[in-house]
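Q: FYI, in the numbering used here the residues of the sequence shown are 203 to 660.
Dropping a structure here in structure tokens format, bear with me for questions.
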Amino acid sequence: MTDLTTLLEVGGPVAALGGGAAYARAKHPGLYWSTVGLPISTARLLSSYGSVMEACGLTVAPSRLRMLAVKATTRREVRPVPPRRGIIRPTSTGLRLRLRLAPGQEPADVAASAERLRHAWGVHAVYVSTVKPGVVELRLVGFDVLRQVRMPRKVDAEFLQVPVALREDAMPFVRDYRAVPHQLTLGATLSGKSMYLRHLIAGLAPQPVALVGIDCKRGVELAPFASRLSALATEPEQAAELLPVLVKEMEDRYDLIKARQGIAPDTPAEEITSDIWGLPESERPVPLVLFVDEVAELFLVATRKDEERRDEMVTQLIRLAQLGRAAGIYLEVCGQRFGAELGKGATMLRAQLTGRVCHRVNDEASAKMALGDIAPEAVSAACAIAPERPGLAVAGDTSGGWSRIRTPYLSLSDAAAACRDSAHVVPDVPGLKPFLPEVAIRPVESPAPVAEPRPATG
Ligand SMILES: Nc1ncnc2c1ncn2[C@@H]1O[C@H](COP(=O)(O)OP(=O)(O)O)[C@@H](O)[C@H]1O
Ligand SMILES: [Mg+2]
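This is how it looks when you write it as structure tokens:
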């Protein structure tokens, strides 16, 4: 009887703890990591560091001096030495650790063992990055951070930067317009492209930037943000009028730069190397971001006359992409496919869009359109995205690097509210006045000023 009570007394709490841990692991992986995963992984790392490094072939033979010292002081056999380890720094999603490479090692040696290290220490993934010559940082990620995306609380984002998604190594993916002026976002329908745009618009809304939208799906995606947009085109005909105005705006900005620098007015724009950032702040035009949702809708043609208009629009977009950066005009283009079938010049336009993000696609050819000329292995990663995870994408850059990213969920009403809150920021771009969207009357007006909360007991 006493045995049974003891069993119940000890077994009950243990079973409850085990069940609680399993539940936390499935439902609240962040909480599980901080309470259970982190201590276990740290203990495993500390106790097995030397032997794991040796098993991964990351140790080197000890120096002669060390050999003599060990022999003189102890009788133990002389073990190969692992890379020197810095302190372990826990984070809310994993832990970080710096290693000093031994002579003759390179970061790629450690990166090649990342998968082995992950199994040895029981974490979700291990990423290796170079801090400075001879020092690498191991970033251990405790759980799949892309399952329930939570952006880090503190992200340093400067002007024209938007932390738009989370990378699989738990670092924020920042869309930086000054580093990557133009971007192409591809994906099948319902893959999360518009969500990606929504984040960008909501992120740019409080900044002094002119936002211009072309949404030929009758504005279903961009019209809710009308209060913050400087211009919106919802039909190809409107877009055909808007694009020349943007090109004109760009040319005016080039003229301004030329005038400021005392360059002869007839210098071709292509030869001017400086940009609006060189202008004094009082004269500097506001940066302008052009969002194009569903680029194929813009280029869809029914008649021969439409075809001419389409070719003109492609040419204007190419011009904006080629020369826009210096004038502070940036393109953000979204589409399901972006190939030669969009018409003359489409592939040339694509080549100008440096940043690439590829959501789930239906065929390899579409993934190749986005990532093929950047990193071939990123193409297969994009093809492997499951439909159950909308918002998951592969982001590449021209340096050949790529990573999996996922946007957090942001509801349309929250994004629209962010735009309404920043409606006073809409900069004055005179040329765009005729395209200023009509702001729909809000269906639900917030009630009159909320009464001061009163203490319940008062
Ligand atoms: N990061 C995300 N997390 C959760 N749900 C998402 C995410 N991104 C998109 N979704 C959902 O997927 C659906 C399609 O997204 P959407 O951005 O409209 O796709 P697309 O523009 O590619 O057709 C929407 O219902 C949206 O709520
Ligand atoms: Mg969409």
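Built from N, CA and C at the ideal position, the CB exists for glycine as well.
Answer with buried or exposed for TRP479, where buried requires no fewer than 16 other C-beta atoms within 10 angstroms of its C-beta.
A: Your numbering for residue 479 matches position 277 in the sequence shown. Under this definition TRP479 is an exposed residue.
Q: What three-state label does DSSP hand SER648 in the structure shown?
A: For the purposes of this step, residue 648 is taken as the residue at position 446 of the sequence shown. Interpretation of SER648 is limited by its pLDDT of 44, a score under 50 that renders its predicted location unreliable; no figure is taken from the coordinates.
Q: Near ALA372, which residues of its chain fall below 7 Å by C-beta distance, leaving aside the five closest residues on each side in sequence?
A: Indexing the sequence shown from 1 puts residue 372 at position 170. THR295, GLY296, VAL343 and VAL347.
Q: If you count every other CB in all the chains shown that lies within 10 Å of the CB of GLU496, and 16 or more means buried, which is it?
A: Residue 496 sits at position 294 when you count from the first residue of the sequence shown. Buried, by the Cβ-count rule.
Q: Checking 8 Å against the spacing of the C-beta atoms, do SER484 and GLN463 come in under that value?
A: Residue mapping note: residue 484 aligns to position 282 of the sequence shown, counting from 1. Residue mapping note: residue 463 aligns to position 261 of the sequence shown, counting from 1. In this structure, GLN463 does not lie closer than 8 Å to SER484 by Cβ.
Q: Starting from PRO309 and walking both ways along the beta strand (DSSP E), at which residues does that stretch end?
A: As a working note, residue 309 is residue 107 in the sequence shown. Segment 309-314 is the alpha helix (DSSP H) holding PRO309; no beta strand (DSSP E) there.
Q: Relative to the alpha-carbon of VAL338, which residue among LYS356, ALA498 and GLY288 has its alpha-carbon at the smallest distance?
A: Position 136 of the sequence shown, counted from the start, is the residue given in the question as residue 338. Ranking LYS356, ALA498 and GLY288 by Cα distance to VAL338 puts GLY288 first.
Q: Mind checking ASP358: buried by the 16 CB within 10 Å criterion, or exposed?
A: For the purposes of this step, residue 358 is taken as the residue at position 156 of the sequence shown. So ASP358 ends up on the exposed side.
Q: Are LEU522 and MET571 closer than 8 Å when you measure CB to CB?
A: Position 320 of the sequence shown, counting from 1, holds the residue named residue 522. Position 369 of the sequence shown, counting from 1, holds the residue named residue 571. No, they are not a contact pair.
Q: ALA412: which of ILE607, ALA583 and LEU434 sits nearest, CA to CA?
A: Start at 1 with the first residue of the sequence shown, and residue 412 comes out as number 210. Among ILE607, ALA583 and LEU434, the Cα nearest to that of ALA412 is on LEU434.
Q: Note down the Cα distance separating PRO354 from GLU211, rounded to an integer number of angstroms.
A: Position 152 of the sequence shown holds residue 354. Position 9 of the sequence shown holds residue 211. Using only the alpha carbons, I get a separation of about 41 Å.
Q: How is PHE501 classed by DSSP in three states: helix, strand or coil?
A: Position 299 of the sequence shown, counted from the start, is the residue given in the question as residue 501. Reduced to three states, the DSSP call for PHE501 is helix.
Q: Taking the alpha-carbon of LEU248 as reference, which of ARG227, ARG286 and ALA223 has the nearest alpha-carbon?
A: Translated into the one-based positions of the sequence shown, residue 248 becomes position 46. Nearest C-alpha to LEU248: ARG286.
Q: Give the range of the alpha helix (DSSP H) segment to which GLY252 is assigned.
A: Along the sequence shown, read from residue 1 onward, the residue named residue 252 stands at position 50. Segment 240-257, the alpha helix (DSSP H) holding GLY252.
Q: Please list, in chain order, all residues of the same chain as VAL596 whose beta carbon is under 7 Å from its beta carbon, the five residues on each side excluded.
A: In the sequence shown, the residue the question calls residue 596 occupies position 394. Hits under 7 Å: CYS560, LEU573, ALA580, ALA583, ALA584, TRP604 and ARG606.
Q: So what does ALA378 bridge to, in DSSP terms?
A: Along the sequence shown, one-based indexing puts residue 378 at 176. In the sequence as presented, Ala is not what sits at residue 378; that position holds Asp. Paired residue(s): GLN363.
Q: Could you tell me the alpha carbon to alpha carbon distance between GLY537 and GLY421, rounded to whole angstroms?
A: Translated into positions along the sequence shown, residue 537 becomes position 335. Translated into positions along the sequence shown, residue 421 becomes position 219. Spanning the two alpha carbons is a distance of roughly 15 Å.
Q: Could you pull out every residue in the same chain whose Cβ sits closer than 8 Å to the Cβ of LEU661, ignoring the five residues on either side in sequence?
A: With the chain represented from 203 up to 660, any question about residue 661 goes unanswered, as that position is not in the structure.
Q: Kindly list the residues whose CB is nearer than 7 Å to the CB of ALA322, restricted to its own chain and excluding five residues on each side of it in sequence; keep chain order.
A: By one-based count along the sequence shown, residue 322 stands at place 120. The residues are SER250 and VAL254.
Q: Give me, in chain order, the residues of the same chain whose beta-carbon lies closer than 7 Å to that of ARG318; leave out the 5 immediate sequence neighbours on both sides.
A: Residue numbering aside, residue 318 sits at position 116 when the sequence shown is read from its first letter. Correct list, in chain order: CYS258.
Q: I'd like to know whether the C-beta atoms of PRO519 and LEU444 end up nearer to each other than 8 Å.
A: Start at 1 with the first residue of the sequence shown, and residue 519 comes out as number 317. Start at 1 with the first residue of the sequence shown, and residue 444 comes out as number 242. Sequence inspection shows Leu at residue 519; the Pro mentioned does not correspond to that position. Result no, Cβ atoms of LEU519 and LEU444 do not sit closer than 8 Å.
Q: Determine, using beta carbons only, whether SER556 and VAL382 come nearer to each other than 8 Å.
A: As a working note, residue 556 is residue 354 in the sequence shown. As a working note, residue 382 is residue 180 in the sequence shown. Correcting the residue type first, residue 556 is Thr in the shown sequence and not Ser. Taking 8 Å as the Cβ cut-off, THR556 and VAL382 qualify as a contacting pair.
Q: At 3 residues or longer, what runs of the beta strand (DSSP E) sit wholly inside the region 597-629?
A: 604-608
Q: Could you tell me if the beta carbon of GLU496 falls within a distance shorter than 7 Å of some heavy atom in ligand 2?
A: The residue you call residue 496 lines up with position 294 of the sequence shown. Under cutoff, so the answer is yes.
Q: What span of residues does the alpha helix (DSSP H) with GLU510 cover, start to end?
A: Position 308 of the sequence shown holds residue 510. From DSSP, the alpha helix (DSSP H) with GLU510 extends over 506-525.
Q: How would you call TYR611, buried or exposed, if buried means at least 16 neighbouring beta carbons within 10 angstroms?
A: Residue mapping note: residue 611 aligns to position 409 of the sequence shown, counting from 1. TYR611 comes out exposed.
Q: What are the start and end residues of the beta strand (DSSP E) that includes GLU453?
A: By one-based count along the sequence shown, residue 453 stands at place 251. Element bounds for GLU453: not the beta strand (DSSP E) but the alpha helix (DSSP H), 438-463.
Q: Could you check how far apart the C-beta atoms of THR609 and HIS401 are, in whole angstroms? I think they sit under 8 Å.
A: Numbered from its first residue, the sequence shown carries residue 609 at position 407. Numbered from its first residue, the sequence shown carries residue 401 at position 199. About 5 Å separates the two Cβ atoms, so the contact holds.
Q: For the alpha helix (DSSP H) containing VAL581, list its first residue and its last residue.
A: In the sequence shown, counting from the first residue as 1, residue 581 sits at position 379. Taken as a continuous stretch (DSSP letters only), the alpha helix (DSSP H) holding VAL581 covers 578-585.
Q: Give the single residue among ALA316, VAL628, PRO335 and GLY221 whose Cα lies nearest to the Cα of VAL488.
A: The count along the sequence shown starts at 1 and reaches residue 488 at position 286. The shortest Cα separation from VAL488 among ALA316, VAL628, PRO335 and GLY221 belongs to VAL628.
Q: Tell me, which residues are paired with PHE493 by DSSP?
A: Here residue 493 refers to the residue found at position 291 of the sequence shown. In the DSSP output, where bridge partners are listed per residue, PHE493 has GLY415 and GLU534.
Q: Under the three-state reduction of DSSP, which class applies to ALA595: helix, strand or coil?
A: Position 393 of the sequence shown, counted from the start, is the residue given in the question as residue 595. Secondary structure of ALA595 (DSSP, three-state): strand.
Q: Drop a sphere of 10 angstroms on the beta-carbon of ASP672, count the other beta-carbons inside from all chains shown, and report buried for 16 or more, exposed for fewer.
A: Outside the shown range of the chain (203 to 660) lies residue 672, about which nothing can therefore be said.
Q: If I follow the unbroken alpha helix (DSSP H) through LEU406, where does it start and stop?
A: Looking up residue 406 in the sequence shown gives position 204. Per DSSP, the unbroken alpha helix (DSSP H) holding LEU406 starts and ends at 395-406.
Q: Please name the residue in GLY526, ASP565 and MET515 whose C-alpha comes closest to that of ARG539.
A: Here residue 539 refers to the residue found at position 337 of the sequence shown. Per the Cα distances, ASP565.
Q: Note down, in chain order, each residue of its chain lying with its Cβ closer than 7 Å to the Cβ of ALA625, except the 5 sequence neighbours on either side.
A: In the sequence shown, the residue the question calls residue 625 occupies position 423. Here the set comprises SER429 and ARG430.
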